[in-house]
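Engineer: Can you read through this structure? Questions will come right after.
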Amino acid sequence: MGAIRGHERYLCDQCGEANPTVRDRGRIDLMNRLCETCWNVFANEMAEADGATAAPRPEPDPDDPSWIEPPVCPECGSLIRLCPTSYDRWVSLDTTELPAKDVPEPHRWRLMRLPDPFHVVTDIVAVRVRGIDPLPGEPVVPAHRMMCPYWGDS
Numbered sequence: 050m051g052a053i054r055g056h057e058r059y060l061c062d063q064c065g066e067a068n069p070t071v072r073d074r075g076r077i078d079l080m081n082r083l084c085e086t087c088w089n090v091f092a093n094e095m096a097e098a099d100g101a102t103a104a105p106r107p108e109p110d111p112d113d114p115s116w117i118e119p120p121v122c123p124e125c126g127s128l129i130r131l132c133p134t135s136y137d138r139w140v141s142l143d144t145t146e147l148p149a150k151d152v153p154e155p156h157r158w159r160l161m162r163l164p165d166p167f168h169v170v171t172d173i174v175a176v177r178v179r180g181i182d183p184l185p186g187e188p189v190v191p192a193h194r195m196m197c198p199y200w201g202d203s
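Residue 203, in my numbering, is where the sequence shown stops; the numbers in between run on with no holes.
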């Protein structure tokens with residue numbers, strides 16, 4: 050009986066295959082137990098729907114003492130906030146919060162602090178505002194593509 054339980058732990062919820070890459074995925078509520086292939090399909094679809102298509106910031110070299118400049122939009126030159134999403138993709142957000150009534154629904158994000166087991170904030174992730182609409186005056190962080198005057202121009 051124990052061997053069956055142990056084997057079930059390694060089955061992908063999507064494809065049902067036994068795979069050593071199967072693990073709980075997601076940063077907040079552990080969305081699903083998926084293999085690497087199924088996770089990438091799922092996360093890429095979410096990113097495409099949410100507009101979370103930004104490249105991640107490069108890891109700083111610990112031996113390089115030079116100053117790290119904050120990220121800027123390559124189109125308009127404004128400061129942006131690059132944040133990981135709850136599904137391990139990256140999104141460019143504006144640096145200010147706005148009332149929800151001023152931000153169209155597809156561009157509303159919130160920043161969530163993730164504590165480690167010792168309740169110290171170790172990471173911040175961007176979470177799309179979905180399901181229940183926020184109150185009109187509730188602050189949300191708009192996606193930078195909403196604020197960028199050059200977004201969508203070719």
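For every residue, glycine included, the Cβ atom is placed at its ideal position computed from N, Cα and C.
Quick caveat: nothing in here was measured; it's all calculated off a predicted structure.
Between Y199 and E124, what straight-line distance do the alpha-carbon atoms span, to the nearest angstrom?
Structural biologist: Roughly 6 Å between the two C-alpha positions.
Engineer: Can you tell which of P133, H193 and M196 has the C-alpha that lies nearest to the C-alpha of M161?
Structural biologist: Nearest of P133, H193 and M196 to M161, Cα basis: P133.
Engineer: Is P191 closer than 8 Å to P148 when the C-beta atoms are compared?
Structural biologist: Contact flag unset, no.
Engineer: Could you give the first and the last residue of the continuous alpha helix (DSSP H) run that contains R138?
Structural biologist: That residue, R138, is in no alpha helix (DSSP H); it is neither H nor E in DSSP.
Engineer: Assign P188 to one of three DSSP states: helix, strand, or coil.
Structural biologist: Reduced to three states, the DSSP call for P188 is strand.
Engineer: Just to confirm, are E97 and C84 a CB contact at a threshold of 8 Å?
Structural biologist: Cβ atoms of E97 and C84: not closer than 8 Å.
Engineer: Report the partner residues of D172 according to the DSSP bridge assignment.
Structural biologist: DSSP output for D172 lists L163 as bridge partner(s).
Engineer: Nearest by alpha-carbon distance to D172: which of P69, A104, R179 and L131 is it?
Structural biologist: Among P69, A104, R179 and L131, the Cα nearest to that of D172 is on L131.
Engineer: According to DSSP, is R72 part of a helix, a strand, or is it coil?
Structural biologist: If DSSP states are grouped into helix, strand and coil, R72 belongs with the strands.
Engineer: Once DSSP output is grouped into helix, strand and coil, what is the label at W158?
Structural biologist: Correct three-state label for W158: strand.
Engineer: For the alpha helix (DSSP H) holding R194, just list the boundary residues, first then last.
Structural biologist: Where R194 is concerned, the enclosing alpha helix (DSSP H) stretches over H193 to M196.
Engineer: What are the start and end residues of the alpha helix (DSSP H) that includes A103?
Structural biologist: Neither: A103 is in no alpha helix (DSSP H) and is coded neither H nor E.
Engineer: Do the CB positions of P119 and L128 come within less than 8 Å of each other?
Structural biologist: Yes, Cβ-Cβ distance for P119 and L128 is below 8 Å.
Engineer: Tell me which residues share the same chain as V176 and place their Cβ nearer than 6 Å to its Cβ, disregarding the 5 neighbours each side in the sequence.
Structural biologist: The residues are S135, R159 and M161.
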